[in-house]
Amino acid sequence: MASFGRIFLVLVCLWSLAWAKDTEDPVITISTSPSCQVYDGRNNYLGESGQPIVLPFSQYGGNLELQLQREGFYTETISLATMQVKNDNRWPRAGPPIRLQPKTWVVAFKYWLDTHRGLTLVGSIAATTLLLWGLSYRASLRRRVKRLQTMERYAEGDVSGSLVTHLVGDYRLVNVLGRGGMATVYQGLREPDLDPSSAVAIKVLKPQFTDTEEFLKRFAREVQVYRELSHPGILALYDWGSYHDYTYLVLELLDGKTLADEAGRARVSPEQCLAWLSPVMEAVSYAHTCGIVHRDLKPENIMVRANGRLVVMDFGLARAEDGERVTQTGAALGTPAYMAPEQIQGQVDPRSDQYAIGVMAYEMLTGRLPFTDSDPVQLIFAHISQPPPPLEG
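Numbering (my numbering), first residue to last: 9 to 401.
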């Protein structure tokens, strides 16, 4: 009898162990997308999805309701029974994870960015590049519109037979400032913006005066010397070059009017004459010390700026061949009304400029030129052979 009792106790113990094992709460990993917090039906926090969680089936009689919560997403509720997860360590057993639904598209987009960081980086770079390109294109479009407006504004004048709208060097020719026997002077604006503050004067020489190799060599030498001149009374030369058959100079653009327009043909006092010619003589004297002779000094080549400063222009860089006939054009060797006898004979030196200044002084003090004639040859002959009429008074 005692033996039977011991056997019964052993069986009871074994059954108790088996029952205890069957009623032990399972450890399960809940798979969700995105990850979330897991709560039981009484809103007790159990753990995080994607991590092992003890499911308290023993507290709920074998049936358990779970709530899957994440900020910005709707709460997902699932019901599990002990038998559903028996011998499993993951739920759902197979297939995709439980998907939580976002409350707004902003939440969905943010989650997508968080889960696609590589693509996000590429997209950010692409978006930044596109933005920069857009800004650059917009700025370029504005410049184009501004260029068209500028060109339309300048095209209203008479540009027939000119190089207006042509690109010469870095500058777009937009307006004709003046025409002479030897060259045409244009207003040029720097490309690509055509900013009026960058305006320059571009003197384009006529091809018939620049079609020899000897001229071009001499022209280049004299340009180099001229560029070394630095004097407030001398027009600044910025650059020079060739455009098709044309040779051009890029010069400082001055505001004001020429001395010819300022003085006119009226007589002026000796004091006014000296006030006008003193800065001219200083500038020309400086040029002579640098080995440069103007060769064509006259009131039309002297600019009176708006601030009253006088500037000598057109320093004779475009001298024609020595063998050119004087009658071909007055600008070939100078302007006949102001030419010195030695210049007429082909011997140009600083005295030629001094003579021209003397003629200008005579013209200002008397209101007339010392010699006048409609025939350039007779006018030149008078400079060589006749004394000038004396000053009156």
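Quick reminder that beta carbons are idealized off the backbone N, C-alpha and C, glycines included.
- Message: One question on the structure: do residue 80 and residue 110 come within less than 8 Å of each other, judged by their Cβ atoms?
- Response: If you number the sequence shown from 1, residue 80 lands on position 72. If you number the sequence shown from 1, residue 110 lands on position 102. For residue 80 and residue 110, yes; Cβs fall inside 8 Å.
- Task: Would you mind reading off the limits of the alpha helix (DSSP H) that contains residue 393?
- Result: For the purposes of this step, residue 393 is identified with residue 385 of the sequence shown, where counting begins at 1. Segment 384-393, the alpha helix (DSSP H) holding residue 393.
- Message: For residue 73 and residue 47, what's the separation of their Cα atoms in angstroms?
- Response: Position 65 of the sequence shown, counting from 1, holds the residue named residue 73. Position 39 of the sequence shown, counting from 1, holds the residue named residue 47. Cα to Cα, the separation comes out at about 9 Å.
- Query: Taking just the CA atoms, how far does residue 89 sit from residue 42?
  - Reply: To locate residue 42, count along the sequence shown from 1; it is residue 34. To locate residue 89, count along the sequence shown from 1; it is residue 81. Cα-Cα distance, rounded: 24 Å.
- Beta-carbon proximity of residue 243 to residue 320, cut-off 8 Å: Here residue 243 is taken as the residue at index 235 of the sequence shown, counted from 1. Here residue 320 is taken as the residue at index 312 of the sequence shown, counted from 1. Contact flag set, yes.
- Could you give the residue range of the beta strand (DSSP E) that holds residue 37? Position 29 of the sequence shown, counted from the start, is the residue given in the question as residue 37. Counting along the chain, the beta strand (DSSP E) containing residue 37 begins and ends at 35-38.
- Spell out a yes or no on whether the region 305-324 and the region 255-269 are touching, meaning 3 or more CB-CB pairs, one atom from each, closer than 8 Å. yes
- Query: Using a Cβ-Cβ cut-off of 7 Å (strictly less than) and excluding sequence neighbours within five positions of residue 359, which residues of its own chain qualify?
  - Reply: By one-based count along the sequence shown, residue 359 stands at place 351. Setting aside the 5 residues that flank it on each side, residue 359 is surrounded in the same chain by 348, 350, each with a C-beta closer than 7 Å to its C-beta; the list follows chain order.
- Message: Quick check on the DSSP output: what are the complete beta strand (DSSP E) runs of length 3 or more inside the region 186-222, in order along the chain?
- Response: 191-198, 208-213
- Task: Determine which residues share a DSSP beta bridge with residue 60 and list them.
- Result: Mapped onto the sequence shown, residue 60 falls at position 52. DSSP output for residue 60 lists 37 as bridge partner(s).
- Message: Rounding to the nearest angstrom, what Cα-Cα distance links residue 393 and residue 257 in this structure?
- Response: Position 385 of the sequence shown, counted from the first residue, corresponds to residue 393. Position 249 of the sequence shown, counted from the first residue, corresponds to residue 257. Each residue's alpha carbon lies about 37 Å from the other.
- Can you find at least 3 beta carbon pairs, one from the region 230-242 and one from the region 192-212, that sit closer than 8 Å? no
- Out of curiosity, what's the CA-to-CA distance linking residue 34 and residue 76? Numbered from 1 along the sequence shown, position 26 holds the residue referred to as residue 34. Numbered from 1 along the sequence shown, position 68 holds the residue referred to as residue 76. The alpha-carbon atoms of residue 34 and residue 76 are separated by roughly 18 Å.
- Where does residue 107 land, buried or exposed, given buried means 16+ other C-beta within 10 angstroms? Counting from one through the sequence shown, the residue named residue 107 turns up at place 99. Answer is exposed; the Cβ neighbour count stays below 16.
- Task: Would you please state the rounded distance, in angstroms, between the beta carbons of residue 190 and residue 213? I believe it to be under 8 Å.
- Result: Position 182 of the sequence shown holds residue 190. Position 205 of the sequence shown holds residue 213. With 8 Å as the limit, residue 190 and residue 213 qualify as a contact, their Cβ atoms being about 6 Å apart.
- Per-residue burial, residue 368 [other beta carbons within 10 Å of its own, 16 or more giving buried]: The residue labelled residue 368 in the question sits at position 360 within the sequence shown. Buried is the call here.
- Task: Express the C-alpha separation of residue 298 and residue 400 in angstroms, rounding to a whole number.
- Result: Here the question's residue 400 lines up with position 392 in the sequence shown. Here the question's residue 298 lines up with position 290 in the sequence shown. About 37 Å.
- Item | Per DSSP, the bridge partner or partners of residue 110 | As a position in the sequence shown, residue 110 is number 102, starting the count at 1. Residue 110 pairs with 81.
- Could you name each continuous beta strand (DSSP E) segment of 3 residues or more that falls completely within the region 241-275, going from the start of the chain to the end? 245-251, 254-259, 264-266
- Message: Please tell me whether residue 301 and residue 231 are closer than 8 Å, where the distance is taken between their beta carbons.
- Response: The sequence position of residue 301 within the sequence shown is 293, counting from 1. The sequence position of residue 231 within the sequence shown is 223, counting from 1. Result no, Cβ atoms of residue 301 and residue 231 do not sit closer than 8 Å.
- Query: Can you tell me where the alpha helix (DSSP H) with residue 362 in it begins and where it stops?
  - Reply: Here residue 362 corresponds to residue number 354 of the sequence shown, with the count starting at 1. It spans 358-374 - the alpha helix (DSSP H) in which residue 362 sits, taken as one unbroken run.
- Query: If you run the structure through DSSP and keep just helix, strand and coil, what is residue 68?
  - Reply: In the sequence shown, residue 68 corresponds to position 60, counting from 1. Reduced to three states, the DSSP call for residue 68 is coil.
- Task: Per DSSP, which residues does residue 226 bridge with? Please list them.
- Result: Here residue 226 refers to the residue found at position 218 of the sequence shown. Bridge partners of residue 226: none, in fact.
- Message: According to DSSP, is residue 45 part of a helix, a strand, or is it coil?
- Response: The residue given as residue 45 occupies position 37 in the sequence shown. Residue 45: strand per DSSP, three-state reduction.
- Item | DSSP beta-bridge partners of residue 89 | The sequence position of residue 89 within the sequence shown is 81, counting from 1. Residue 89 is bridged to 71.
- Task: Find the nearest neighbour of residue 36 within the set 51, 91, 219, judged by alpha-carbon distance.
- Result: Counting from one through the sequence shown, the residue named residue 36 turns up at place 28. It is 91.
- Would you tell me roughly how many angstroms separate the C-alpha atoms of residue 260 and residue 275, rounded to the nearest one? For the purposes of this step, residue 260 is taken as residue 252 along the sequence shown, with counting starting at 1. For the purposes of this step, residue 275 is taken as residue 267 along the sequence shown, with counting starting at 1. Rounded to whole angstroms, residue 260 to residue 275 spans 31 Å at the Cα level.
- Task: Kindly indicate which three-state DSSP category residue 310 falls into: helix, strand or coil?
- Result: The residue labelled residue 310 in the question sits at position 302 within the sequence shown. Here residue 310 sits in strand by DSSP.
- With DSSP run on the structure shown, which of helix, strand or coil describes residue 336? For the purposes of this step, residue 336 is taken as the residue at position 328 of the sequence shown. Only weak support is given to the placement of residue 336: the predicted model assigns it a pLDDT of 32, under 50, and the value that follows is read from those uncertain coordinates. In this structure, DSSP gives residue 336 a helical state, which the three-state scheme calls helix.
- Item | Beta-bridge partners of residue 53, as assigned by DSSP | Numbered from its first residue, the sequence shown carries residue 53 at position 45. According to DSSP, residue 53 bridges with 47.
- Item | Beta-carbon proximity check, residue 97 vs residue 87, cutoff 8 Å | In the sequence shown, residue 97 corresponds to position 89, counting from 1. In the sequence shown, residue 87 corresponds to position 79, counting from 1. No, the pair does not count as a contact, with Cβ atoms beyond the cut-off.
- Coarse secondary structure for residue 172, derived from DSSP in three states: In the sequence shown, the residue the question calls residue 172 occupies position 164. Residue state, collapsed to three classes: coil.
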